[in-house]
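Asker:
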């Protein structure tokens with residue numbers, strides 16, 4: 042009976058717990074390092090293989106149809122959208138500039154709230170009109 046108590050005492054003693062937890066902690070760190078190295082090796086292998094022989098999820102593929110029918114506002118269209126051209130890029134850039142100006146003005150609205158509103162619809166950016 043005394044031997045059993047001694048064994049139980051050794052198992053639950055703080056010194057014993059510290060050494061066991063240190064071993065478990067070291068094992069956990071080593072397992073995490075091994076897993077990280079394996080994941081890195083898998084990623085490098087995928088890059089080496091390229092598109093041939095690789096399993097690509099549909100949402101990861103740049104040619105996925107959903108990406109071709111969704112416009113920049115998130116609306117889905119039945120047909121593929123046309124390829125962007127210079128005029129569309131210029132329009133987007135202009136809208137971004139207008140958006141920053143309108144956000145600045147809306148922050149200091151007290152200054153502008155009584156000003157005359159003439160042809161404002163031309164100045165509104167598409168991002169501001171949704172707010």
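Numbering (the working numbering), first residue to last: 42 to 172. Even for Gly, the Cβ is constructed at its ideal location relative to N, Cα and C.
1. Taking C-alpha atoms, which residue in 109, 88, 71, 92 lies nearest to residue 118?
2. Please specify which runs of the alpha helix (DSSP H), each continuous and at least 4 residues long, are wholly inside the segment 88 to 130, giving them in chain order.
3. Which residue from 97, 133, 105, 136 puts its Cα closest to that of residue 121?
4. Can you list, in chain order, the residues of its chain with a C-beta nearer than 6 angstroms to that of residue 84? Leave out the 5 residues immediately preceding and following it.
5. What's the gap between the Cα of residue 129 and the Cα of residue 115?
6. Confirm, please, whether the CB-CB distance from residue 113 to residue 133 is below 9 angstroms.
7. How about residue 87 and residue 78: are their beta carbons less than 9 angstroms apart?
Answerer: Inspection of the coordinates gives the following:
1. Walking along the chain shown from the start, residue 118 turns up at place 77. Ranking 109, 88, 71, 92 by Cα distance to residue 118 puts 109 first.
2. DSSP runs (the alpha helix (DSSP H)) wholly in the segment 88 to 130: 106 to 110.
3. On the chain shown, position 80 is the one that residue 121 refers to. Comparing Cα positions, the closest option is 105.
4. As a working note, residue 84 is residue 43 in the chain shown. The beta carbon of residue 84 sits closer than 6 angstroms to none of the beta carbons in its chain outside the five residues before and after it.
5. The residue labelled residue 129 in the question sits at position 88 within the chain shown. The residue labelled residue 115 in the question sits at position 74 within the chain shown. For residue 129 and residue 115, the distance between alpha carbons rounds to 17 angstroms.
6. The count along the chain shown starts at 1 and reaches residue 133 at position 92. The count along the chain shown starts at 1 and reaches residue 113 at position 72. It is a contact, given that the beta carbons lie within the stated cut-off.
7. To locate residue 87, count along the chain shown from 1; it is residue 46. To locate residue 78, count along the chain shown from 1; it is residue 37. Cβ distance not < 9 angstroms, so residue 87 and residue 78 don't count as in contact.
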